[in-house]
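Sequence order for the protein chains is A and B.
Counted from 1, the first sequence has number 168 at position 156 by our numbering; the numbering is strictly sequential.
Counted from 1, the second sequence has number 199 at position 197 by our numbering; the numbering is strictly sequential.
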Amino acid sequence: MRRKLFALFLALAMVAAACGSDDPVTDPGTETTAAPTTMEGTDDGTTDTTEAMTDDAIQIEFWHAMADDLGAVVDELVDRYNSSQDAVQVNATFQGSYDDTYNALLAAFETDTAPNIVQNFDLAAQTMFDTGRLVPAHTLMSPGDADSYLAAPRDYYSDETGMVALAFNSSTPIVYYNAEMFEAAGLDAPAPDWNFSDFQATCDALEANGVEFCVTFGTVGWFFEQILANSGGLYFNNDNGRTARATEVEFNKGQGAEVFEFLTGLIADGHAPNLGNTWSDTDSVFFAGQAAMNFDSTSGARGMQDGADFEVKTAFIPHSDSSERNGVVIGGAALWLIDSEDDAKDEAAWDFMKFMTEADQQVTWHTGTGYFPVLASLQESPPAELSTFWDENPNFVTAIEQLATTNTTNADDTINYAVLGGRAGPFPEIRRIIVEAYDAVLNGGLSAQEALDEAAAKANQALADYNAFFE
Amino acid sequence: MAVTGHVDASERGVSAIASPGPSMMKRWFKGSSAYLYLAPTFIILAIFVYFPIVSSLRLSLNRVAPFGNQEIFVGAENYTRLLGSSEFWNTVRVSLWFMVGTVPIGIVLAVGIALLLSYPVRRLSWLHRMLIFVPVVISSAIAGVLFRLLYNPVVGFINHWLSFIGIDGPNWLTDRTFALIAVIIAVVWRQLGFNVIIALAGLQSIDDTLYEAAKVDGASAWQRIRYITLPMLSPTLFFLAVINVIISLQAFGEINILTDGGPGQATTNLVYSVFVDAFVGTSFRGLASAQAFMLAIIIMVFSFLQFRGLGKKVHYQ
Numbered sequence: 013m014r015r016k017l018f019a020l021f022l023a024l025a026m027v028a029a030a031c032g033s034d035d036p037v038t039d040p041g042t043e044t045t046a047a048p049t050t051m052e053g054t055d056d057g058t059t060d061t062t063e064a065m066t067d068d069a070i071q072i073e074f075w076h077a078m079a080d081d082l083g084a085v086v087d088e089l090v091d092r093y094n095s096s097q098d099a100v101q102v103n104a105t106f107q108g109s110y111d112d113t114y115n116a117l118l119a120a121f122e123t124d125t126a127p128n129i130v131q132n133f134d135l136a137a138q139t140m141f142d143t144g145r146l147v148p149a150h151t152l153m154s155p156g157d158a159d160s161y162l163a164a165p166r167d168y169y170s171d172e173t174g175m176v177a178l179a180f181n182s183s184t185p186i187v188y189y190n191a192e193m194f195e196a197a198g199l200d201a202p203a204p205d206w207n208f209s210d211f212q213a214t215c216d217a218l219e220a221n222g223v224e225f226c227v228t229f230g231t232v233g234w235f236f237e238q239i240l241a242n243s244g245g246l247y248f249n250n251d252n253g254r255t256a257r258a259t260e261v262e263f264n265k266g267q268g269a270e271v272f273e274f275l276t277g278l279i280a281d282g283h284a285p286n287l288g289n290t291w292s293d294t295d296s297v298f299f300a301g302q303a304a305m306n307f308d309s310t311s312g313a314r315g316m317q318d319g320a321d322f323e324v325k326t327a328f329i330p331h332s333d334s335s336e337r338n339g340v341v342i343g344g345a346a347l348w349l350i351d352s353e354d355d356a357k358d359e360a361a362w363d364f365m366k367f368m369t370e371a372d373q374q375v376t377w378h379t380g381t382g383y384f385p386v387l388a389s390l391q392e393s394p395p396a397e398l399s400t401f402w403d404e405n406p407n408f409v410t411a412i413e414q415l416a417t418t419n420t421t422n423a424d425d426t427i428n429y430a431v432l433g434g435r436a437g438p439f440p441e442i443r444r445i446i447v448e449a450y451d452a453v454l455n456g457g458l459s460a461q462e463a464l465d466e467a468a469a470k471a472n473q474a475l476a477d478y479n480a481f482f483e
Numbered sequence: 003m004a005v006t007g008h009v010d011a012s013e014r015g016v017s018a019i020a021s022p023g024p025s026m027m028k029r030w031f032k033g034s035s036a037y038l039y040l041a042p043t044f045i046i047l048a049i050f051v052y053f054p055i056v057s058s059l060r061l062s063l064n065r066v067a068p069f070g071n072q073e074i075f076v077g078a079e080n081y082t083r084l085l086g087s088s089e090f091w092n093t094v095r096v097s098l099w100f101m102v103g104t105v106p107i108g109i110v111l112a113v114g115i116a117l118l119l120s121y122p123v124r125r126l127s128w129l130h131r132m133l134i135f136v137p138v139v140i141s142s143a144i145a146g147v148l149f150r151l152l153y154n155p156v157v158g159f160i161n162h163w164l165s166f167i168g169i170d171g172p173n174w175l176t177d178r179t180f181a182l183i184a185v186i187i188a189v190v191w192r193q194l195g196f197n198v199i200i201a202l203a204g205l206q207s208i209d210d211t212l213y214e215a216a217k218v219d220g221a222s223a224w225q226r227i228r229y230i231t232l233p234m235l236s237p238t239l240f241f242l243a244v245i246n247v248i249i250s251l252q253a254f255g256e257i258n259i260l261t262d263g264g265p266g267q268a269t270t271n272l273v274y275s276v277f278v279d280a281f282v283g284t285s286f287r288g289l290a291s292a293q294a295f296m297l298a299i300i301i302m303v304f305s306f307l308q309f310r311g312l313g314k315k316v317h318y319q
């Protein structure tokens, strides 16, 4: 028994030694503990080899949250940048979902291993501002640079002094519909400014023609936010948290109840199946021909066209009966420059960020993903490549037009804060609270107004908890 | 655990023979060599278990800024806030219902299947065992995705099959009652293989001569199960009960994929609530740490009750 054990130990020791010597760059400081060292060792190894290849170039770490096909396009753009010059080498790393990326960033702040550039999503804007670890974009931009971007993505990520982050992948919600079902029911394309009554009439016509469900959508917070904005409603006080830190939500006032009643009513009245908080199950239902319309993001345009075996067309999202159409808020994510306390590095990182929003890259990005180009010039005078693409893919044009026709200013020339979008620290939690409010109406027997009031109380508590750090 | 036990036993035997007489030096060496052997395990535990426990205790007494650069010491505020919040008690209730829904059914099913498997079907028993065990090696995330497809109320298989027998299937994942049942089914299914293997091992360690003697005495099949199998299996059942209670209180993967804690908070157990507070968007890590401690206390209470209550009824050979 003892001899066997000894042999086993010997064998293990040899394996361990072999692994160790395989990897010359293993950090000597961590060699004593077995399990974690192997992992760290390989990590260090790969980074070291890439660094060794381009020793004199400035190394820029770029963390992003674009998986699969989207990630492949990111990698293509990064390669394009790296081969375009020798001074800067960008290393892109996929970090998982936006939440994962964000948590990785928090951990990195605490261990001083933060990347130079991080992609983070719309809702995290206030929290990113509050980290105090950013280099705001406007400090590196030349005067007038900001005007080359579309107003919506530019202003979304701006504070009082100017652009803080660079909108990179921007999307908006859109209604995808089964063109064959619409045709069979004798329906025309929905009007751009259709309201809830128009939507209801469309549903009645479709269902009278044998469609099982008029529409399908996940009970996510985003559609409520967007349709509320389209109806001119504010989400937070202090001009949606844009002129001062948001301290209370406004979504339970004004247009809120009407919008929420519309959304929950679609499910309660059987016009839409209750699939819960999902982005994918709705697509299965839509693709299976069980629902005629599908609320989703413009960034899914390509997948929606490719996934359906029928013709998919797109329409603007509806607004409430008691309002005029306002337009949509941009979603998606932006590139944030993290302060490395090394000006040369920050400049290099900024150079890459600018590169990513240049026309050529934006065309690749837009045509490859469905996120729309953020450069104003591309929409005013699109290059031939882009015009051809739009002719062949009219669904991408709907997305762009929906944003282009958004009323960013009111009739009296003041800013329309409703479509600029809300900004608040705990916005992600508040989005979850709205998901729960759907259940409070659909299972809990509350009215839309009661559910929103309950949600508002929870959301206000979350705001107070967050704001306590800034008093 | 078992391996360390072996090493210790042989080591003790060997050194007892090797040491001719007690001397201070040798005794010191004997004592400290034990610590040397323990050191690798201890270092790993210290880094990955003890240190995180201490730092989450610290976090639970603070309000932590979402980006970790600010901590406000609040004492027991996180705990008092939890105890006074209906959402916290809801998560405790969900955790307990989930335990009640998974543990007894899981063990009864496992023992039943193990009994069937223990009657050897010549040649194919390895196939049966493999089929039963396969779900265990499927990750909970993949199992979650599969069940999501099955449960889909519009295009899912389950409601499609139910419609053949004239039943209008429910909204499995968005109805408050059925959501918890749906998650329980998924978890029981994936956990079953592990339970069956443990129960089968317990069954096979029962001496055949006991059954032969009982047969000679004229005991019926049921009597043999009742008076031989179950008592002899009791240490195994006890082990399964303890392990399954802990696993059920820590269920996460299926909930994450299937329901995201919803509808409302109908399937938000304590672990899921910790996850949401700590890692979704801007975080409430102080509150999450406090909940993690509450969960640890609940698990300890259940394990204690099990050892005090069930432990005494266990028959050890």
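The beta-carbon is built from N, C-alpha and C at its ideal position, and this holds for glycine as well.
Proximal chain B residues relative to residue i, where beta-carbon distance stays under 9 Å
i: Q302/A; result: V156, V157
i: T259/A; result: The premise fails here: T259/A is roughly 16 Å from chain B at the closest Cβ pair, so nothing lies under 9 Å.
Pick from the options that is closest to residue i, judged by C-alpha positions
i: Y229/B; options: T238/B, E256/B, A216/B; result: A216/B
i: S109/A; options: D142/A, L82/A, T276/A, F322/A; result: L82/A
i: V100/A; options: D111/A, Q302/A, T113/A, F74/A; result: F74/A
i: G255/B; options: A143/B, Y39/B, I200/B; result: A143/B
i: A78/B; options: S207/B, G146/B, F295/B; result: F295/B
i: T211/B; options: W224/B, A203/B, T231/B, L194/B; result: T231/B
i: Q193/B; options: L175/B, I248/B, D279/B; result: I248/B
i: T255/A; options: V187/A, E122/A, D171/A; result: D171/A
Contact list for residue i against chain A, beta-carbon separation under 8 Å
i: R150/B; result: D293
i: D170/B; result: The premise fails here: D170/B is roughly 12 Å from chain A at the closest Cβ pair, so nothing lies under 8 Å.
Proximal chain A residues relative to residue i, where beta-carbon distance stays under 9 Å
i: T261/B; result: G288, N289
i: R178/B; result: D451, N455, G456
i: Q293/B; result: Ordered by position in chain A, no residue passes the 9 Å Cβ test against Q293/B, which lies about 15 Å from the chain.
Supposed close pair residue i, residue j - CB separation, criterion 8 Å
i: V386/A; j: Y161/A; result: 5 Å
i: F69/B; j: T143/A; result: 5 Å
i: H331/A; j: S243/A; result: 4 Å
i: A436/A; j: G253/A; result: 5 Å
i: S291/B; j: S58/B; result: 4 Å
i: N286/A; j: G264/B; result: Rounded, the Cβ-Cβ distance is 11 Å, inconsistent with contact.
Amino acids of chain B, ordered along the chain, whose beta-carbon sits closer than 7 Å to that of residue i
i: E359/A; result: Here the premise fails: no neighbours, minimum Cβ distance about 24 Å.
i: S296/A; result: N154, V157
i: P285/A; result: P155, V156
i: V447/A; result: G264
Nonlocal neighbours in the same chain, by C-beta distance under 8 Å from residue i, ignoring five residues either side
i: E466/A; result: A449, A452, L458
i: A476/A; result: T259
6 Å Cβ shell around residue i - same chain, five flanking residues per side excluded
i: G339/A; result: T418, N419, V431
i: P148/A; result: V176
i: F439/A; result: L135
i: N161/B; result: P155, G171
Other residues of its chain near residue i: CB distance less than 7 Å, five sequence neighbours each side excluded
i: T184/A; result: T310, V340, I342, G343, A411, Q414, L415
i: I445/A; result: A467, K470, A471
i: M368/A; result: L89, F180, L347
i: S275/B; result: T93, Q293
i: L278/A; result: V227, A284
i: W191/B; result: P137
i: A196/A; result: N221
Where residue i meets chain B, residues with beta-carbon distance less than 8 Å
i: P127/A; result: Within 8 Å Cβ-Cβ: nothing; P127/A doesn't reach chain B, min ~15 Å.
Amino acids of chain A, ordered along the chain, whose beta-carbon sits closer than 7 Å to that of residue i
i: G77/B; result: Neighbours of G77/B on chain A: none; closest Cβ ~15 Å, over 7 Å.
i: Q225/B; result: None at all; the shortest Cβ gap to chain A is about 41 Å.
i: N173/B; result: N286
i: Q267/B; result: E448
> Between the segment 92-107 of chain A and the segment 74-81 of chain A, do three or more beta carbon pairs fall short of 8 Å?
Replying inline: yes
> Are there three or more Cβ pairs, one per stretch, closer than 8 Å when the segment 165-183 of chain B is compared with the segment 104-111 of chain B?
Replying inline: no
>> Taking contact to mean 3 or more Cβ pairs, one atom from each stretch, closer than 8 Å, check whether the segment 142-156 of chain B and the segment 175-189 of chain B are in contact.
In response: yes
>> With a threshold of 8 Å, are at least 3 pairs of Cβ atoms found where one atom belongs to the segment 209-224 of chain B and the other to the segment 288-306 of chain B?
In response: no
> Below 8 Å, can you find three or more Cβ-Cβ pairs linking the segment 111-131 of chain B to the segment 197-211 of chain B?
Replying inline: yes
> Between the segment 218-226 of chain A and the segment 294-305 of chain A, are three or more C-beta pairs nearer than 8 Å?
Replying inline: yes
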